[in-house]
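S.K.: As numbered in UniProt numbering, residues 23 to 473 make up the sequence shown, in order. The C-beta atom is built at its ideal place from N, Cα and C for all residues, glycine as well. Fair warning: this is a prediction, and the values are worked out from it, not measured in the lab.
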Amino acid sequence: LATHYLNRIEASNLNAFTHVDRGLTLAQANAADQALAAGNATALTGIPIAHKDIFVTRDWRSTAGSRMLENYVSPFDATVVTLFKQAGMVTLGKLNCDEFAMGSGNENSYFGAVKNPWDTSAVPGGSSGGSAAAIAARLTPAATGTDTGGSIRQPAAFCGVTGIKPTYGSVSRYGMIAFASSLDQGGPMAQTAEDCSWLLNAMTGFDEKDSTSVQRDKEDFSRQLNQDIKGLRIGVPREFFGAGLASDVEQAVRTALAEYEKLGATLVDISLPKTELSIPVYYIIAPAEASSNLSRFDGVRYGHRAADYKDLNDMYRKTRTEGFGDEVKRRILTGAYVLSHGYYDAYYLQAQKIRRLIAQDFQAAFAQCDVIMGPVAPTVAWDLGDKSDDPVANYLADIFTLSTSLAGLPGMSIPCGFGQGEKNSKRPVGLQIIGNYFAEAKLLNVAHQYQ
Ligand code: GLN
Numbered sequence: 023l024a025t026h027y028l029n030r031i032e033a034s035n036l037n038a039f040t041h042v043d044r045g046l047t048l049a050q051a052n053a054a055d056q057a058l059a060a061g062n063a064t065a066l067t068g069i070p071i072a073h074k075d076i077f078v079t080r081d082w083r084s085t086a087g088s089r090m091l092e093n094y095v096s097p098f099d100a101t102v103v104t105l106f107k108q109a110g111m112v113t114l115g116k117l118n119c120d121e122f123a124m125g126s127g128n129e130n131s132y133f134g135a136v137k138n139p140w141d142t143s144a145v146p147g148g149s150s151g152g153s154a155a156a157i158a159a160r161l162t163p164a165a166t167g168t169d170t171g172g173s174i175r176q177p178a179a180f181c182g183v184t185g186i187k188p189t190y191g192s193v194s195r196y197g198m199i200a201f202a203s204s205l206d207q208g209g210p211m212a213q214t215a216e217d218c219s220w221l222l223n224a225m226t227g228f229d230e231k232d233s234t235s236v237q238r239d240k241e242d243f244s245r246q247l248n249q250d251i252k253g254l255r256i257g258v259p260r261e262f263f264g265a266g267l268a269s270d271v272e273q274a275v276r277t278a279l280a281e282y283e284k285l286g287a288t289l290v291d292i293s294l295p296k297t298e299l300s301i302p303v304y305y306i307i308a309p310a311e312a313s314s315n316l317s318r319f320d321g322v323r324y325g326h327r328a329a330d331y332k333d334l335n336d337m338y339r340k341t342r343t344e345g346f347g348d349e350v351k352r353r354i355l356t357g358a359y360v361l362s363h364g365y366y367d368a369y370y371l372q373a374q375k376i377r378r379l380i381a382q383d384f385q386a387a388f389a390q391c392d393v394i395m396g397p398v399a400p401t402v403a404w405d406l407g408d409k410s411d412d413p414v415a416n417y418l419a420d421i422f423t424l425s426t427s428l429a430g431l432p433g434m435s436i437p438c439g440f441g442q443g444e445k446n447s448k449r450p451v452g453l454q455i456i457g458n459y460f461a462e463a464k465l466l467n468v469a470h471q472y473q
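(1) In this structure, how does DSSP classify T226 when only helix, strand and coil are distinguished?
(2) Pull up the CB-CB distance for G439 and V451, whole angstroms please, since I reckon it's below 8 Å.
(3) DSSP puts F39 in a beta bridge; with which residues?
(4) So that I know if they touch, is there some Cβ in chain B lying closer than 7 Å to that of T401?
(5) Going straight from the alpha carbon of Y132 to that of N248, what length do you get?
(6) Just to confirm before moving on: does the CB-CB distance between I76 and M225 stay below 7 Å?
(7) Please classify G407: is it buried, with 16 or more other beta-carbons within 10 angstroms of its beta-carbon, or exposed?
(8) Is T189 near the ligand GLN, judged by its Cβ being under 6 Å from some heavy atom?
(9) For T166, tell me which candidate among L117, G227, V402 and R160 has the shortest Cα-Cα distance.
(10) Within the continuous beta strand (DSSP E) that includes V360, where are the two ends?
(11) Look up N138 in the DSSP assignment and give the residues it is bridged to.
(12) When you compare only the Cα positions, how much space is there between R238 and R30?
(13) Taking the DSSP output, what are the residues bridged to Q454?
(14) Buried or exposed: where does P437 fall if 16 or more other Cβ atoms within 10 Å of its Cβ makes it buried?
(15) Does P163 come out as helix, strand or coil in the three-state DSSP assignment?
(16) Anyone know if the C-beta pair for A57 and V78 falls short of 7 Å?
(17) Buried or exposed: residue 11, going by 16 or more other Cβ atoms within 10 Å of its Cβ?
(18) Below 7 Å between beta carbons: does that hold for A51 and A156?
(19) Where do the ends of the alpha helix (DSSP H) carrying D336 lie?
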């Protein structure tokens, strides 16, 4: 298996991987073979996986898609990486992503854009674009991703694969290079909900090294996949089907909803009135946290340092000027601004209050329905280059994924057909399924019944 995938990776030109090391992977595969021969295996032993290059690894470089960490090797593995290693999974390498996971098209990586395997002139989505593209192109059967405001769900949608962002706190953030700590959440990406359930089994669990890790009994997600969904109440938020939604996406999503009705579910008209506000709220809170998290990249403790400088301040300035890309700088500036004296109350504090109201809207909705369904993104994947100079156009494309992250709820994306976009090519559409806190098993089952 490992050789099969390594050969496919070598032959591909999607730029999905930042780092592959054949020797290292084959050594892990041999160890897995031995474990299997000795009868000492888990359900995942020997199955290949690749990690978004935001999870730190001792064996591979960990770049976060940034020049700042171009040659950085971590002295420890992220908890998620350790858990998959313990399960006997074989690492194929590290996956390209937007720099520090900031982006919606995977065009913000220092290592270049990733291409969408369905149409190589299209973006794969972001920030976990390498993960989604690699799964869609069968370069790996499984991958990790992280989702701060949609980065698992939206690339999964754009590449026609399945991904789930678990409830905030279910998957350890230890060793996940931090972007916005109150939103960042790791999760699995694969072809199907069933595959994701096995990966989530290994990934979740309390970790004392992550202060926001939730203490809960471990669940077996793959065991809960064969439940009838007759009578399931699916909330369909009005605000997700407004003017901004492309007709090809709407059609694919409505067809999927009709399929759910055939499976015995009923559709309930619901409202999530603050959906639109999730964009300004997210783009205040996430940059605020990023500006704080990214202060550690000062040329002293990690990664890149400018070659020559006059004094300490000059060293900081040159290091950060050279090390960060434009989008990262934009976030740091925005974040520092909204946190600064005089603006904190006007922006950051207001955003935090509205964040709470967004979470309350979901609780009101879940009084009427069991899960919520709608589009993942307003359009199919756009063309590479189309939005790369327009940050606001990128931000607006996050409209349907941000609120779930702000509320800390689990959300997933499953493929539900194709649209044409503006280019008349075949581009995948994702159906988003959102659940209440810790409803991952329900989401996976609901997805599995459709798949
Ligand atoms: N597109 C969003 C952003 O740029 C979300 C990214 C993410 O979830 N990591 O911040």
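M.R.: According to the structure shown:
(1) Taking the sequence shown and counting its residues from 1, one reaches residue 226 at position 204. In this structure, T226 counts as strand in the three-state DSSP scheme.
(2) For the purposes of this step, residue 439 is taken as residue 417 along the sequence shown, with counting starting at 1. For the purposes of this step, residue 451 is taken as residue 429 along the sequence shown, with counting starting at 1. Right, their Cβ atoms sit about 5 Å apart.
(3) In the sequence shown, residue 39 corresponds to position 17, counting from 1. DSSP output for F39 lists L117 as bridge partner(s).
(4) Chain labels in this structure do not include chain B; a single protein chain is all it has.
(5) The residue labelled residue 132 in the question sits at position 110 within the sequence shown. The residue labelled residue 248 in the question sits at position 226 within the sequence shown. Between Y132 and N248, the C-alpha separation is close to 43 Å.
(6) As a first step, residue 76 must be located in the sequence shown, where it is residue number 54. As a first step, residue 225 must be located in the sequence shown, where it is residue number 203. Contact flag unset, no.
(7) Along the sequence shown, read from residue 1 onward, the residue named residue 407 stands at position 385. Under this definition G407 is an exposed residue.
(8) As a working note, residue 189 is residue 167 in the sequence shown. No, the Cβ of T189 stays beyond 6 Å of every heavy atom of the ligand GLN.
(9) Walking along the sequence shown from the start, residue 166 turns up at place 144. Considering only alpha carbons, the answer is L117.
(10) Within the sequence shown, residue 360 is the residue found at index 338, counting from 1. Counting along the chain, V360 falls outside any beta strand (DSSP E), though it belongs to the alpha helix (DSSP H) covering D348 to L361.
(11) Your numbering for residue 138 matches position 116 in the sequence shown. BP columns for N138 point to D141.
(12) Residue mapping note: residue 238 aligns to position 216 of the sequence shown, counting from 1. Residue mapping note: residue 30 aligns to position 8 of the sequence shown, counting from 1. Approximately 39 Å, taken between the alpha carbons.
(13) The residue labelled residue 454 in the question sits at position 432 within the sequence shown. Q454 is bridged to G396 and S435.
(14) Locating residue 437 in the sequence shown gives position 415, counting from the first residue. Classification of P437: buried, given that the 10 Å Cβ count is 16 or more.
(15) As a working mapping, residue 163 is identified with position 141 in the sequence shown. P163: coil per DSSP, three-state reduction.
(16) Position 35 of the sequence shown, counted from the start, is the residue given in the question as residue 57. Position 56 of the sequence shown, counted from the start, is the residue given in the question as residue 78. In this structure, V78 does not lie closer than 7 Å to A57 by Cβ.
(17) It is not possible to answer for residue 11, since the shown part of the chain is limited to 23 through 473.
(18) Mapped onto the sequence shown, residue 51 falls at position 29. Mapped onto the sequence shown, residue 156 falls at position 134. No, they are not a contact pair.
(19) Counted from its first residue, the sequence shown places residue 336 at position 314. Taken as a continuous stretch (DSSP letters only), the alpha helix (DSSP H) holding D336 covers L334 to G345.
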